[in-house]
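Following: one structure in structure tokens, then a few remarks.
Residue numbers (the numbering used here), protein chains in the order written: chain F, 409 to 1021; chain B, 84 to 312.
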């Protein structure tokens, strides 16, 4: 094992925020003599990656193996990458400054489509061949996983294997299989075949394109089913995560309170692919939150999930936690709230002195369109919630909407403006006249990007010119006073659409864009659409045929060989119901809706109590 | 009614890789260490309650410190040696506290009290360099004023006040060590590497600064300097 610290340290005097590269944080584990070394890569800056719960979970899981080292790797900022290249120093792990290429396993998270060029930058800085097909026996095994793994194809050629689904158990299986294979002197090809036998592991090189379809080569399964951790109570959640020195996003200790969401919003990929719902018990949550605060010294604990207010015992958890933390200056926070009165009650319970702002996502401007997308929120809910919140002392609210949803008309777009007007009026009404000056309604509007494994996976994303036209319709319909309106860059949404639903051919575009200098595409000031336009031109691929084309229902989709558990039949039914403006209830409140996850995977919703919503 | 508190003064070091932390990062790290140490820290009253902790003068990113300070207010009395032991067990080694004493509730704040700072600047280059560098520094001191450009603004230091002692230059095992004592004023502090870099540049001397360490922070009294502990 090579220790690069002596070559790295002289570079730190010339770069911004060297704390990104120094390690030695509380909770970091240094195992210099480990027999097997895993690099856990988050393909963005330290301050973004350190907020990622998956990295902390996998770090903790790997460290349960006594002779395995788990080491974090983040993509350095451009100044440091230049310095590393200039000094011919390869990318290193934080804990022991080992070259990433010397690790046995390099695990890379796929958090968001716009980090794809960062993954290539990471591999290049590490000196690992970009494509799996170019790697030799001596190269590290490169394995992906995370939210974007559900349509792995655009990134498939760059990975030796990709884990689909939950990693808590699978990561241990992968390490065990790889170590055993190494011990018996297996070739790279044999290692990949052995990995393909692990449930949830997709080995792209074992799937050969045959027309639009990818045909599995034995012993790979015809379809890879996502890995599911049946019960979150069966593994030890991390309570001593690494505590960063520098300010990171979400700078607090996170306790996962539940996984999955069955509300069934039809645009939402997370809601479809993380089923079933698995709540942790109040005892486990309170125990872990207390242990984590003691171990880390953080001043805030966040109860995280896709929809924390849905937890059946949230009130009990909050009462117990706030009682314990009284007088310590330590606070509890929730990441996002639903639009209902219950949420305001919850926010009040957390309240304390801080009433910084509440965020709600009605997503669409009319009831008809909210029924199409199955966002079961009415205008009365929203107005009632806002009134309660402003009554209770909040003075700022942020609302999220999308334009370009299937079946959207001019009326729906103008409806957003009308809804915002009514929210503003309700907020004003509930605010004492003397305090109305500070009243603020922020409105953030993104463009709908259809995602794989959702009922809208066949839909066309609206074209760039159409996005701009609808944005101008919205601008005209939006009240001016007290409203801050912001849009997502439509070029970013277009690219996200191509990367989200593209096939394996898109890998060439990603590589061409990276070679042309694209990286940190998720950073507004770094994103350069020209670099991507050039990449499409060089590779001869027309992104509009991927993003802006409606698919036939019987078309083979690029992710057809990946199963998130939810059946295609269910997605089609949901699509039909969307077109008929018919909502579908949440199976954790009402009966089973037949999405197919539970039966086929031998799992079920795990609730800690009775949900009241 | 104001609750009675006990003001513990903690002397800590900032060394090794952690010299690259910024002041704010150091402040957060020490606060979190105090929480992990499970000390009965006092919490401020008001809208956003937080730990009562106050730091001495900031150390720039990249500069190490052998004797840095913070005051931590406790709700109950714990023997200083126990406070030290708890903090040491909860702090990364390169930020480890080295001493704890209790100081009077009414004593001046660390930022107001600590006005003298001693530094050690290590420059790569042996005896010949040491001699020329000493000469160059002496020439600057003789000029009486030293102007620094910072973020487009010019700052002028009166060296009779800013450098209460003559810089000392010595050569040790192939490197040159410059010892500087500076007085920190309300209008800012002179960064030792700026002075050394200027001295190198004026005489066109080849020498790279290998490290900068603040070795001591002192309280200035009528005609003597003393430790804040």
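Using N, Cα and C, we set each Cβ at its ideal position, and we do this for glycine too.
Nonlocal neighbours in the same chain, by C-beta distance under 7 Å from residue 657(F), ignoring five residues either side: 455, 456, 459
When 765(F), 675(F), 728(F) are compared against residue 743(F), the one with the closest alpha-carbon: 765(F)
Reducing DSSP to helix, strand and coil, say where residue 753(F) ends up. helix
Determine the chain B residues that contact residue 654(F) at a beta-carbon separation under 7 Å, and present them in chain order. 108
Cβ neighbours of residue 561(F) in the same chain (closer than 6 Å, five flanking residues each side left out): 911, 912, 966
Would you mind telling me which residues of chain F sit closer than 7 Å to residue 144(B), beta carbon to beta carbon, in chain order? 426
For residue 454(F), decide whether its Cβ has a neighbour in chain B, counting only Cβ atoms nearer than 8 Å. no
Beta carbon of residue 251(B) nearer than 8 Å to that of residue 262(B): yes
Closer than 8 Å is the cut-off here; do at least three beta carbon pairs connect the stretch 420-437 of chain F with the stretch 566-581 of chain F? no
Apply the 10 Å Cβ neighbour rule to residue 84(B) and answer buried if 16 or more other Cβ atoms are within range, or exposed otherwise. Because residue 84(B) carries a pLDDT of 44, less than 50, the predicted location of this residue cannot be relied on, and the following value inherits that uncertainty. Classification of residue 84(B): exposed, given that the 10 Å Cβ count is below 16.
What are the residues of the stretch 92-105 of chain B that lie near chain F, defined by any Cβ-Cβ distance shorter than 8 Å? 99, 100, 101, 103, 104, 105
Just verifying my parser: in three-state terms, what is the DSSP assignment at residue 366(F)? The first residue shown for chain F is 409 and the last is 1021, placing residue 366(F) beyond what the model contains.
Between residue 683(F) and the rest of its own chain, which residues show a CB-CB distance below 7 Å, the 5 nearest in sequence each way excluded? 668, 670, 973, 974, 1003, 1005
Would you please state the rounded distance, in angstroms, between the beta carbons of residue 751(F) and residue 793(F)? I believe it to be under 8 Å. 7 Å
Can you check which of these residues, 97(B), 133(B), 155(B), 180(B), is closest to residue 143(B) by C-alpha distance? 97(B)
Coil, strand or helix - residue 302(B) by DSSP: strand
Does the beta carbon of residue 481(F) come closer than 8 Å to any beta carbon on chain B? no
Which residues share a DSSP beta bridge with residue 771(F)? 809(F)
Keeping to the same chain, check which residues put their C-beta closer than 8 Å to that of residue 541(F); ignore five residues upstream and five downstream. 565, 613
Run down chain F in chain order and give the residues with a C-beta less than 9 Å from the C-beta of residue 115(B). 434, 651, 704, 705, 706, 707
State the DSSP-derived secondary structure class of residue 926(F), mapped to helix, strand or coil. coil
Would you say residue 958(F) and residue 866(F) are within 8 Å of each other, going by their C-beta atoms? yes
How far does the beta strand (DSSP E) with residue 106(B) in it reach, from first residue to last? Taken as a continuous stretch (DSSP letters only), residue 106(B) belongs to no beta strand (DSSP E), being part of the alpha helix (DSSP H) at 106-119.
Output needed in chain order: residues of the stretch 720-744 of chain F with a Cβ under 8 Å from some Cβ in chain B. 735, 736, 737, 738
Does any residue of chain B have a CB that is nearer than 8 Å to the CB of residue 362(F)? Residue 362(F) falls outside the range modelled here, since chain F spans only 409 to 1021, and no answer is possible.
Contacting positions in the stretch 281-307 of chain B - beta carbon closer than 8 Å to chain F: none
Proximal residues of chain F, C-beta to C-beta of residue 134(B) below 8 Å: 707, 737
Beta-carbon of residue 691(F) versus every beta-carbon of chain D: anything under 8 Å? Considering every chain present, this structure includes no chain D. Its protein chains are F and B.
Please tell me whether residue 88(B) has its Cβ less than 8 Å away from any Cβ of chain F. no
Hey, is the stretch 864-878 of chain F in contact with the stretch 691-707 of chain F, meaning 3+ C-beta pairs nearer than 8 Å? no
Distance, Cα to Cα, residue 847(F) vs residue 633(F)? 49 Å
Is there a Cβ of chain F sitting closer than 8 Å to that of residue 84(B), yes or no? Caution applies to residue 84(B), whose pLDDT of 44 falls short of 50 and renders its modelled position unreliable; the value that the coordinates give is listed next. It does not; no Cβ of chain F falls within 8 Å.
Partners in chain F for residue 233(B), counting only beta-carbon separations shorter than 9 Å: In chain order: nothing, as chain F lies at least about 17 Å away.
Taking the alpha-carbon positions, what's the residue 852(F) to residue 767(F) distance? 10 Å
Count the other C-beta atoms from every protein chain shown that fall within 10 angstroms of the C-beta of residue 933(F), then say buried if there are 16 or more, exposed otherwise. exposed
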